[in-house]
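Numbering (UniProt numbering), first residue to last: 1 to 308. A virtual CB, placed ideally from N, CA and C, is assigned to each residue, including glycine. All remarks here apply to the structure that follows.
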C-alpha cells in the first residue's frame with residue numbers, strides 16, 4: 001500500500017547535518033516517485049510535538065550522528081508509537097558507542113583490533129600504545145575526529161588536547177590495521193555484497209573521501225578471493241544480529257593481505273544509519289544485488305515498525 005504517509009526525518013543538529021540533508025532529500029525524492037505521500041521534517045528539539053501533530057504512518061529515519069543514530073530519536077518514536085526504519089533504541093545506542101559495540105562483537109567471535117578508552121587529556125604527554133594507532137571519538141560517525149598516529153611520531157597528536165576539539169573528552173585508542181577498506185551491507189536478514197573503498201588522495205576513508213565528489217572509488221563487488229568475500233558476509237550478518245540491528249546496516253572492515261591471501265580481517269564498526277544517497281555505499285551494494293534505489297527504500301518503509 002503505497003498511499004502511506006512517510007515523514008522523512010532529515011537535517012538535525014549533529015556534526016553530520018549536511019550528510020543527513022543530502023541523504024534525506026534523496027530518500028524523500030525517491031519515495032515520492034514510488035508513490036508515497038512524503039513530508040520532509042528538518043529535525044529540531046521540538047520534533048516530538050511536530051510528529052505528534054503530523055501523525056505519519058511511518059518515520060523514515062535519515063538522520064546521522066548523535067540524537068539521530070544513538071537511540072534518542074528511536075525512543076521518541078517508540079513513545080509516539082510511530083513505526084520507523086532502521087534499528088531500535090538498544091541496537092542504535094550500542095552501535096554508536098564504538099567500544100561497547102566491539103565488546104559485543106568480540107564476544108561472538110568477530111575479530112576486532114586491540115583498543116582502550118581513555119580521557120583525551122591523559123594522552124597528551126605520551127603515546128597510549130605503540131604507534132601506529134588511531135584515536136577516534138567513541139560516539140561520532142562519518143570519521144569525524146579520527147586521527148591516525150603514524151610510526152615514528154614522537155608524541156601524540158596535539159589536536160586531541162586542544163580547545164578546538166569538539167567530540168567529547170572520552171576517546172578510543174585503537175591499533176592501526178594496515179590494508180584494504182571493505183564494507184558489506186545487510187538488508188533484513190541477508191548479507192548483500194562486499195565493496196572495497198579506495199580513497200583517492202587521502203590516507204584513509206575520512207569525511208572528504210566519503211562525501212566530496214571524487215574523494216573515493218568504490219569497487220563493487222570487491223576484487224577479493226571468494227572465501228574472503230564469504231567470510232566478510234558471514235561476519236557482517238553476525239555483527240548485525242549480535243548487536244540487535246534491524247532493517248539496513250553496514251559493517252566496515254580492514255583486510256590486510258600484504259603477507260598472505262588469507263591475511264588479517266578486522267571488523268571496525270557497524271553503521272546503523274548508513275548514508276542513503278543513490279551513490280552511497282548501501283544503495284550501490286543493493287543495486288548489485290538487483291534492488292533499485294526506489295525498491296530498497298520501499299522495502300525499508302514496509303519493514304518499519306516499533307519495538308525494534
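Sequence-distant residues of its chain with Cβ nearer than 7 Å to residue i (five each side left out)
i: residue 11; result: 17, 20, 21, 24, 42 and 43
i: residue 296; result: 283 and 286
i: residue 176; result: 132, 133, 134 and 148
i: residue 170; result: 117, 119 and 138
i: residue 38; result: 6, 8, 28, 31 and 32
i: residue 239; result: 105, 110, 251, 267 and 270
i: residue 308; result: 87, 88 and 246
i: residue 153; result: 131
i: residue 61; result: 9, 68, 73, 84, 85, 86 and 273
i: residue 101; result: 94, 95, 243, 269 and 270
Residue i to residue j span [Cα, whole Å]
i: residue 235; j: residue 159; result: 34 Å
i: residue 104; j: residue 271; result: 15 Å
i: residue 209; j: residue 199; result: For residue 209, the predicted model reports a pLDDT of 44, less than 50, meaning its position is unreliable; a value from the coordinates is still stated below. Using only the alpha carbons, I get a separation of about 6 Å.
i: residue 56; j: residue 167; result: 33 Å
i: residue 29; j: residue 35; result: 10 Å
i: residue 306; j: residue 75; result: 10 Å
i: residue 108; j: residue 95; result: 15 Å
i: residue 156; j: residue 123; result: 7 Å
i: residue 70; j: residue 90; result: 8 Å
i: residue 254; j: residue 129; result: 19 Å
i: residue 52; j: residue 82; result: 9 Å
i: residue 310; j: residue 127; result: Lying outside 1 to 308, the shown extent of the chain, residue 310 is not represented and no answer is given.
i: residue 257; j: residue 178; result: 9 Å
i: residue 14; j: residue 45; result: 12 Å
i: residue 300; j: residue 146; result: 30 Å
i: residue 113; j: residue 4; result: 44 Å
i: residue 185; j: residue 125; result: 40 Å
i: residue 275; j: residue 237; result: 19 Å
i: residue 40; j: residue 64; result: 15 Å
i: residue 93; j: residue 259; result: 37 Å
i: residue 293; j: residue 279; result: 10 Å
i: residue 97; j: residue 242; result: 14 Å
i: residue 218; j: residue 224; result: 14 Å
i: residue 151; j: residue 174; result: 14 Å
Segment limits, beta strand (DSSP E) that includes residue i
i: residue 60; result: 58-61
i: residue 116; result: 115-119
i: residue 251; result: 248-256
i: residue 129; result: No beta strand (DSSP E) holds residue 129; DSSP gives it neither H nor E.
i: residue 170; result: 170-175
i: residue 198; result: 190-199
Residue i - containing alpha helix (DSSP H), residue span
i: residue 18; result: 17-33
i: residue 299; result: 293-303
i: residue 239; result: 226-243
i: residue 183; result: First-last for residue 183: 180-187, but that is the beta strand (DSSP E), not the alpha helix (DSSP H).
i: residue 75; result: 72-80
Under the three-state DSSP convention, the category residue i falls into
i: residue 96; result: helix
i: residue 37; result: strand
i: residue 43; result: coil
i: residue 104; result: helix
i: residue 279; result: coil
i: residue 50; result: helix
i: residue 123; result: helix
i: residue 151; result: coil
i: residue 10; result: strand
i: residue 287; result: helix
i: residue 90; result: helix
i: residue 161; result: helix
i: residue 222; result: coil
i: residue 271; result: strand
i: residue 146; result: coil
i: residue 156; result: coil
i: residue 84; result: strand
i: residue 138; result: coil
i: residue 308; result: coil
i: residue 261; result: coil
i: residue 266; result: strand
i: residue 3; result: coil
Cβ-based neighbour list, residue i, same chain, cut-off 8 Å, excluding 5 preceding and 5 following
i: residue 99; result: 115, 117, 138 and 172
i: residue 263; result: 179, 228, 255, 256 and 257
i: residue 80; result: 48, 51 and 52
Proximal residues to residue i (C-beta, below 6 Å), its chain only, five neighbours per side dropped
i: residue 77; result: 59 and 84
i: residue 359; result: Outside the modelled stretch of the chain, which goes from 1 to 308, sits residue 359, for which no answer is possible.
Min CB distance residue i to chain E below 7 Å
i: residue 185; result: Absence of chain E from the displayed structure is noted, only one protein chain being present.
Check: residue i C-beta below 6 Å from any heavy atom of the ligand MN
i: residue 220; result: With respect to the ligand MN, the structure offers nothing, as it holds no ligand at all.
Problem - the stretch 153-168 contacting the stretch 223-232, beta-carbon criterion three pairs below 8 Å - result: no
Exercise for the section: Could you say if the stretch 237-248 and the stretch 75-88 meet the contact criterion of at least three C-beta pairs nearer than 8 Å? Expected result: yes
Practice task
Examine the Cβ distances between the stretch 289-307 and the stretch 186-196 and report whether three or more of them are shorter than 8 Å.
Solution key: yes
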